[in-house]
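Novice: Structure provided below as structure tokens; questions to follow.
Number of protein chains: 2
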Amino acid sequence: MKIQQQIKLSSYRSKDFIRDYQKLVKETVIPYQYSVLNDMAPGAEKSHVVKNFENAAGVLRGEGAGDGFYGQVFQDSDAAKWIEAAAYSLISFPDKGLEEMCDGLIDKIADAQDTDGYLNTYFTIKDKEKRFTNLYEAHELYCAGHMMEAACAYYEATGKDKLLNVMIKNAEHIYKVFILDGHEGFPGHPEVELALLRMYQLTGNKHCLELAKHFIDVRGADPDYYNKETKSRSWTVWGNNPADNVYQQSDVPVRMMKDAKGHAVRAVYLYTAMAQLCSETDDKELFEACKRLFKSIKDKQMYITGGIGSTSIGEAFSVDYDLPGDTAYSETCASVGLMFFASRMLENEVSSEYADVMEKAFYNTVLAGMALDGKSFFYVNPLEVVPGISGVSQTHKHIITQRPGWYACACCPPNAARLISSFGKYAYGENENTAFCHMFASGEVNFKNGVSLVCETNYPYDFKIRYKINRGGELAVRIPGWSRSYELKVNGVVLSDEPKSGYLFFKVKEGDDVTLTLDDTPRLVYPSTSIPSLTGKVCLMRGPLVYCFEGVDNDGDVLSVALKRDGEMRVSRLDDGALKGVDKITVGAVRKRDGGSLYSDVPPEETEITAVAVPYYIWGNRGENQMRVWMDEIR
Amino acid sequence: MKIQQQIKLSSYRSKDFIRDYQKLVKETVIPYQYSVLNDMAPGAEKSHVVKNFENAAGVLRGEGAGDGFYGQVFQDSDAAKWIEAAAYSLISFPDKGLEEMCDGLIDKIADAQDTDGYLNTYFTIKDKEKRFTNLYEAHELYCAGHMMEAACAYYEATGKDKLLNVMIKNAEHIYKVFILDGHEGFPGHPEVELALLRMYQLTGNKHCLELAKHFIDVRGADPDYYNKETKSRSWTVWGNNPADNVYQQSDVPVRMMKDAKGHAVRAVYLYTAMAQLCSETDDKELFEACKRLFKSIKDKQMYITGGIGSTSIGEAFSVDYDLPGDTAYSETCASVGLMFFASRMLENEVSSEYADVMEKAFYNTVLAGMALDGKSFFYVNPLEVVPGISGVSQTHKHIITQRPGWYACACCPPNAARLISSFGKYAYGENENTAFCHMFASGEVNFKNGVSLVCETNYPYDFKIRYKINRGGELAVRIPGWSRSYELKVNGVVLSDEPKSGYLFFKVKEGDDVTLTLDDTPRLVYPSTSIPSLTGKVCLMRGPLVYCFEGVDNDGDVLSVALKRDGEMRVSRLDDGALKGVDKITVGAVRKRDGGSLYSDVPPEETEITAVAVPYYIWGNRGENQMRVWMDEIR
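Heads up: the protein sequence lines correspond to chains A and B, in order. So the first sequence is numbered by numbering that gives the first Met the number 0: it starts at 0 and just counts up by one. So the second sequence is numbered by numbering that gives the first Met the number 0: it starts at 0 and just counts up by one.
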């Protein structure tokens, strides 16, 4: 049974930092993506997403396929992710026009559903006979999953159930195929599992639960399944090698999994569903597997930025301690998925380590994925960039030094958008008795359990968090693992209780004034000596924010800068320019100057300097330049 | 005109360190490779090299192809490299049996030559019509080049000219095809150019000079040539992409080349031939290109070990300052080729920087290529190995932690063998007036110009080099760039002359006793701050030797060791075990112990230790363990 769960979307009304980001998504990302979906964005590559739905509807009506299908096999999911982000956005920013756009698109989606419940434009337009014959590559269930998530979100946001009914019908169709008719296989790209569990949670439809459990249980039971599937048909999408069963997490049954492996986004989407299933079924063996996988990520395979999937080869987890900064893959979507996983782990076990990871992933990698103007996006989030090598060297081709605009394969931008727009669900949780504050997000929260509060803070640039209690009950406030000290006062009186599993539990009543003060001093963080690429390095952090050093603030060269272990650190607020409102940190450092040779037995000369750091998530917003998270240290 | 040139093979009789290595090649590498070529080596993959020649002869006699062709398209070159190494070996170690083996193999090679002079078993056995239609991939001219080198070496070693005549006839055939008949194109893998120039040097055959110059001149004149060639035929060997004209150095004409680029072995073989051609033709423009390319390597793209070609993707040069230690490719063959290039540069311009590079490449990467027992070999020479990541992580798959036995693609072992066996040619040079001592190699040298000397030294473990003069003349002794001090005495009297271009020139007479004393203190070497992967690191060297730290000497973990800048360094000779005769160095250091977390704001605890380093070239001879060249530094 769930120990706590995400709050309802509508329970939280954001303010300040988070609201500014949500506004950016609402005003820039969502309208731009809508124009992309409709092929109206000047300069953008053709998307054809809406056209695909129209053409599929034409096929079903017997009118023909129009100009056919265009795009990737998973093109439908772009529409789904857009609806989901738009739904979340409608809660914070009601907008009739946007709601009408959603309704219009949903009508087209509904028209593209076959009478038996099947819904996928690629197969409907191209070849009905190929349905469910290429689970390995064709993203058929993945697209269904995203549409189910969109359906849930749109229902929660607007109360409108047209899309939800479409997707319940679709789920029943999939149930019939895989459960009643016994069709073999499981999704090549996990997603439908977590989506079915969301539908179950929202509607109580038991088939959704059963189907999700089925897909999770059969995964990896036959490690050779995709090989067999591939041999049984005459077509492929990309011709990927189905023998690599680690890539798509089918090398062992999920309950036997030990280390996080394979394609990072697929992995965390699967683990998310596994954690959800535990909380619905009290499956202890499955939960032990989830804990092992979470630990494998957090203790051995996660960047300091909350990035995961360190290798570009297969966009995948590598091996323990292989966390190079300069060739990091660290996909934005993978950190979004890591937040999903951590949030669902909290349903099984309240422990601040899950929220610590959510917070780290959000404030560093997820936010870094989007430019400050909301118009360009990183998929790949390196921890070091050196123009001339990054993006140029064969091993660094994937390291792009500047955020590009919308991609044809638009996974990360809408994923970041839906996460930001639904931030409240991750920040707050609840159960019958307790209101959980996992992350610090200003705004108003009305918990279903009766507690109501207003949080005021300029977090992550202010480390005083104030809760004004409008209706009382029990609060559980997380004490972040990174905070070396804290003080929580209720109406001015210090709470002396010890945290349990990283949370302070205490009762409040209407009118109470709760103030949490966290450590606001910048700190140097050291990597494990087991990480070969990071020995001797140090990283500057403050609160949950990883800081980085960019050339633009440091005379164009950060490679030659070494931070002094006991160097003076000063925090100051920037009050104009692109980074307005951001705290920069200056640190005592030295700059090394070599004599110009590649190697020399004369140590580089050193000059004392003050190095300037800015939060990692805003890097690359001021032109192409060097950037480094892990700096050399000097005493 | 040549300023100096390599001594004749027979001028040098080695002793001590070099002779020990030559003996290992003679007693272990050459017999083993002979058994491989003849498919008599137990456990080794089938080579079929000798069989290919027999079968090609059968085809030419009209008797059929026997069991056909087997192996790589460049399989013939294995025979050539073996003969070349055996020839050099015969000079130092006369051996009737070995000479008979060579003669027997040469007879088979001669039988496989077509009446028109053509010689290549792949095309003779498989399809005569395809001759010279796939210069891009098929290594046809590459194989010819290696056989020409073998022919020169065997003639110089034994005075026997059968193979030389075969290869002159072969060169005349190629001359007819490409010069007289105007066949288009140039070798995909450079090699024949440098070989033709060796044949010209040995025989004075002008067609060889003209043909070499032709291949060098037409290269890159049409950057699209290989694309066109590929389109003009219906077959490929591996289906490589001919559009990548940087890979095989055909993006620009050679005289316009600026940076060393593409496949590293191909590059340095080409540059070697370019440098040879300069010295035969006084082509100033070409020499300027050679100087630029050498500088590009030495100043921007060379590992401290003299390794080149930093990326495994294309076994290629990367971009300036991209010199990661843990994913280095640094192929043994590339360092052999770099020695060829540097040696030929010395024919155009006497400057110690060329010999400095030769020495660095030889004592570190070339020697590291072979195990101390001569039975296993590295192709790839990383500067850091961490079991668990090296060879396992997707980006580190090519990093093998232990030298494997003979490979199917046997390029590096015989390349190292021929280099070691002919070391004297690189160590000593001469012109009409002067005897050049480029490297320090004990043994007797009888220069053509009359000078005769005996060099005594235990270099690279002793830094006193003594020359006993048997016949006088002018000596030019290199003062290595790495030596922070030196003293040269003639009969006990210090020579006060300043070096010119890094060489001390002075006259000696019979009976003179010359002693050069170089700096024998270990030193810490710092990388340029422009190398992102090496900032904050330091490398321990002594003389030309790069030292490394292995787990076996350092409690199994070198990642957590940081060297103290002013730590005490002690040199001591190992007197038993696998490394007998090797100087190890101990250095004051600290060992860091983290608290077990992946990241922590508590710096690791530090304990004073004495770290142990051994020469890089002997790493991996005592089992699998961590190895690191670039260490963290602490003050």
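Even glycine gets a Cβ: it sits at the ideal position worked out from N, Cα and C. Treat the numbers as computed from the prediction; the structure is a model and nothing was measured.
Where GLU279 of chain A and ARG197 of chain A are concerned, what is the direct C-alpha to C-alpha distance, given to the nearest angstrom?
Specialist: Near 11 Å, if we compare the C-alpha coordinates of ARG197 of chain A and GLU279 of chain A.
Novice: Under DSSP, the alpha helix (DSSP H) around LEU322 of chain A begins and ends at which residues?
Specialist: No alpha helix (DSSP H) contains LEU322 of chain A, which DSSP labels as neither H nor E.
Novice: At a Cβ cut of 9 Å, what residues of the stretch 298 to 320 of chain A count as close to chain B, listed as they run along the chain?
Specialist: Residues passing the 9 Å Cβ filter: ASP298, LYS299, GLN300, MET301, ILE303, SER309, THR310, SER311, ILE312, GLY313, ALA315, SER317, VAL318, ASP319, TYR320.
Novice: Going by C-alpha to C-alpha distance, which of B:THR606, B:GLY555, B:LEU544 sits closest to LEU562 of chain B?
Specialist: Taking only the C-alpha atoms, the option nearest LEU562 of chain B is B:THR606.
Novice: Quick one: complete alpha helix (DSSP H) runs, 4+ long, within the stretch 169 to 251 of chain B?
Specialist: Within the stretch 169 to 251 of chain B, the complete alpha helix (DSSP H) runs of at least 4 residues are 191 to 202, 205 to 217, 224 to 230.
Novice: For ALA194 of chain B and ASN164 of chain B, what's the separation of their Cα atoms in angstroms?
Specialist: Those two C-alpha atoms are separated by around 14 Å.
Novice: May I ask you to list the residues that DSSP assigns as paired with ALA577 of chain A?
Specialist: None, per the DSSP bridge assignment.
Novice: Mind checking whether MET344 of chain B and PHE293 of chain B have CB atoms under 8 Å apart?
Specialist: Cβ atoms of MET344 of chain B and PHE293 of chain B: closer than 8 Å.
Novice: Check whether the Cβ of GLU287 of chain A lies closer than 8 Å to any Cβ atom in chain B.
Specialist: No, GLU287 of chain A does not count as interfacial toward chain B.
Novice: If distances are taken between C-alpha atoms only, which option among B:SER10, B:SER451, B:MET147 comes closest to LYS80 of chain B?
Specialist: For LYS80 of chain B, the nearest C-alpha among the options comes from B:MET147.
Novice: Give a yes or no on whether 8 Å exceeds the smallest Cβ distance from VAL72 of chain B to chain A.
Specialist: No, VAL72 of chain B does not count as interfacial toward chain A.
Novice: Taking 8 Å as the CB-CB cut-off, is VAL524 of chain A touching chain B?
Specialist: Yes, its Cβ sits closer than 8 Å to a Cβ of chain B.
Novice: Do ASP115 of chain B and HIS172 of chain B have their CB atoms nearer than 8 Å?
Specialist: In this structure, HIS172 of chain B lies closer than 8 Å to ASP115 of chain B by Cβ.
Novice: For ALA440 of chain B and ALA434 of chain B, what's the separation of their Cα atoms in angstroms?
Specialist: Rounded to the nearest angstrom, the two C-alpha atoms are 14 Å apart.
Novice: Kindly give me the distance between the Cβ atoms of GLN4 of chain B and SER13 of chain B, rounded to whole angstroms, as I take these residues to be in contact under 8 Å.
Specialist: That belief does not hold up - the Cβ atoms of GLN4 of chain B and SER13 of chain B are roughly 19 Å apart, past 8 Å.
Novice: Around the Cβ of ASN240 of chain B, are there at least 16 other Cβ atoms within 10 angstroms (buried) or fewer (exposed)?
Specialist: Exposed is the call here.
Novice: Hey, out of A:GLU136, A:LYS297, A:SER233, whose CA is closest to LEU337 of chain A's CA?
Specialist: Closest option to LEU337 of chain A, Cα to Cα, is A:LYS297.
Novice: For chain B, is any of its Cβ atoms less than 8 Å away from the one on ARG634 of chain A?
Specialist: Yes, because at least one Cβ of chain B sits closer than 8 Å to the Cβ of ARG634 of chain A.
Novice: On the three-state DSSP scale, how would you describe THR149 of chain A?
Specialist: Correcting the residue type first, residue 149 of chain A is Ala in the shown sequence and not Thr. Residue state, collapsed to three classes: helix.
Novice: By Cβ distance, which residues of its chain are closer than 8 Å to ASN457 of chain A, with the 5 residues on each side in sequence left out?
Specialist: For ASN457 of chain A, where only same-chain residues beyond five positions count, the Cβ hits under 8 Å are ASP15, PHE16, SER441.
Novice: At the level of alpha carbons, what is the spacing between ASN347 of chain A and ILE2 of chain A?
Specialist: C-alpha separation (whole angstroms): 6 Å.
Novice: Is the Cβ of THR514 of chain B closer than 8 Å to any Cβ of chain A?
Specialist: THR514 of chain B does not count as touching chain A.
Novice: Distance check for GLY67 of chain A and ASN51 of chain A, CA to CA, integer angstroms please.
Specialist: Rounded to whole angstroms, ASN51 of chain A to GLY67 of chain A spans 7 Å at the Cα level.
Novice: Do we get a CB-CB distance below 8 Å when we pair LEU597 of chain B with the residues of chain A?
Specialist: Interface residue, yes.
Novice: To be precise: take each residue of the stretch 372 to 404 of chain A, compare its Cβ to all Cβ atoms of chain B, and keep it if any distance is under 7 Å. Which residues remain?
Specialist: Against chain B - using a Cβ distance shorter than 7 Å - the residues of the stretch 372 to 404 of chain A are GLU383, VAL385, GLY387, ILE388, VAL391, SER392, GLN393, THR394.
Novice: Does the beta carbon of SER559 of chain A come closer than 8 Å to any beta carbon on chain B?
Specialist: SER559 of chain A counts as touching chain B.
Novice: Can you give me the Cβ contacts of SER350 of chain B inside the same chain, cut-off strictly under 7 Å, excluding the 5 residues immediately before and after it?
Specialist: Once the five neighbours on either side are set aside, the close Cβ partners of SER350 of chain B are SER500, GLY501.
Novice: Is DSSP giving SER451 of chain B helix, strand or coil here?
Specialist: Looking at SER451 of chain B - three-state DSSP - the assignment turns out to be strand.
Novice: What number of angstroms, rounded off, separates the C-alpha of GLY103 of chain A from the C-alpha of SER375 of chain A?
Specialist: Approximately 27 Å between the Cα atoms of the pair.
Novice: Mapping the DSSP letters down to three states, classify GLU53 of chain B as helix, strand or coil.
Specialist: Helix, per DSSP.
Novice: Counting only C-beta atoms, is ASP75 of chain B closer than 8 Å to chain A at any point?
Specialist: Output row for ASP75 of chain B: interface = no.
Novice: Quick one: is ASP593 of chain A near chain B, going by C-beta distance under 8 Å?
Specialist: Yes, because at least one Cβ of chain B sits closer than 8 Å to the Cβ of ASP593 of chain A.
Novice: Distance check for ASP77 of chain B and ALA409 of chain B, CA to CA, integer angstroms please.
Specialist: Distance between the alpha carbons of ALA409 of chain B and ASP77 of chain B: 7 Å.
Novice: Return the residues of the stretch 601 to 615 of chain A that lie within a Cβ-Cβ distance of less than 9 Å from chain B, sorted by chain order.
Specialist: Answer in chain order: VAL601, PRO602, PRO603.
Novice: Start and end of the alpha helix (DSSP H) containing ASP102 of chain A?
Specialist: ASP102 of chain A -> alpha helix (DSSP H) spans 95 to 110.
Novice: List, in order along the chain, the chain A residues whose C-beta lies closer than 9 Å to that of THR326 of chain B?
Specialist: Correct list: PRO323, THR326, THR394.
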